[in-house]
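Numbering (my numbering), first residue to last: 418 to 824. Just so it is clear, CB atoms sit at the ideal spot from N, CA and C, and this is done for glycine as well.
What follows is the structure in structure tokens.
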């Protein structure tokens, strides 16, 4: 894999180094010193990781700039960006620095750690990641590994059980995202029938394991709707200030369900069961067979997410058309505000960013200019603005936005 840093990136780094003042009060950070890394899929099969001095203004062309990448999963945690490189079966750690630079620091080869590759990337604590992998035809077996962040090494690894019924061998459970709380790991995912090419849904289900042993699998469920939770490469689970976790339930006929009500379910802090008194129906108030695809918690009960309008779709391939829109979700009052932002392909929901109380996501309408947009939770349906413009040579899909450290 080639790693070429642009002249633009070097100039940013030098400008940042020479802009430091010795008499500036300790802890004070000027906007010019806050860099960001953006990962995007550009025209064709090209993927790039590049840093910018701001996401609120300016422009970025990915062509020939930054680091060429081949990622299928991205994660940001502390000063690191992680990428699962499928062709090379490498889990790569990139380090972001205050001067605006980003460079590969280390990598782990996935062969021999888990089956297949690291499909599910989960943050356990400041210095620990939990990664999961399984074969498509896994027959109820998957692998796990705990990764130490500071020296990027495998702490321990093992296998764990997934739901499987030999009487219905075509139905497989696919790994999603999860979280650790009170000695348990709670995992989302979905059931898929390879023979009928359809999702299998009966209520909403998640898996609970003892952590860190990953033993004693238990299936938890709620009948609030019929859908699946925790899709692996979308931001499909988050938590509030009190430590309660919220899973996105996707119930669309083209995404993880059969056309039911999509929305949000809750698991309260310290518990390992769905809150039977909580279901936030997003589909009904939004209309157009809206299927919720992702969710980022901002604060004070407010989250932002993205819906795809399945009334505008005839197949899953239509997700590359302008069928998705940003929504603001009040998780306390269960009210939805459809933002008057442009429609866009649904790929924009992979890894948006919550930063300084605002929500940032890439919006890239077909055959139109793409931007990072800033959304303000304090306002209404028009409370958003364009930030940095993005050029991917005719097509662009933002996969990740991450802030650099400032010291």
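So if DSSP puts residue 639 in a beta bridge, which residue, or which two residues, is it bridged to?
621
Under DSSP, the beta strand (DSSP E) around residue 820 begins and ends at which residues?
814-820
Between which two residues does the alpha helix (DSSP H) carrying residue 688 extend?
No alpha helix (DSSP H) holds residue 688; DSSP gives it neither H nor E.
Under the three-state reduction of DSSP, which class applies to residue 671: helix, strand or coil?
coil
So, do the segment 685-692 and the segment 805-821 have three or more beta carbon pairs nearer to each other than 8 Å?
no
Can you say whether residue 505 is buried or exposed, counting buried as having 16 or more other CB atoms within 10 angstroms of its CB?
exposed
In the DSSP output, which residue or residues are listed as bridge partners for residue 570?
565
Just mark residue 651 as buried or exposed, buried being the case when its beta carbon has 16 or more other beta carbons within 10 Å.
buried
Leaving aside the five residues before and after residue 702 along the sequence, list all residues of the same chain whose C-beta is less than 6 Å from its C-beta, in chain order.
753
Can you check whether the CB of residue 742 is closer than 9 Å to the CB of residue 457?
no
Under the three-state DSSP convention, the category residue 534 falls into:
coil
From what residue to what residue does the alpha helix (DSSP H) around residue 700 run?
700-703
Is residue 498 helix, strand or coil when you go by DSSP?
strand
Could you give the C-beta distance for residue 509 and residue 477, rounded to a whole number, given that I count them as a contact under 8 Å?
Wrong, their Cβ atoms sit about 21 Å apart, outside the cutoff.
Can you confirm whether the segment 665-680 touches the segment 637-653 when touching is taken to mean that 3 or more C-beta pairs between the two stretches lie within less than 8 Å?
yes
Which two residues bound the contiguous beta strand (DSSP E) that contains residue 594?
588-598
Take residue 475 and list the residues in its own chain whose beta-carbon comes closer than 6 Å to its own, dropping the five residues that flank it on each side.
805
Cβ-Cβ separation, residue 790 to residue 713 (assumed contact under 8 Å), whole Å:
Incorrect: roughly 13 Å between the Cβ atoms, too far for contact.
Span separating the alpha-carbon of residue 452 from that of residue 737
30 Å
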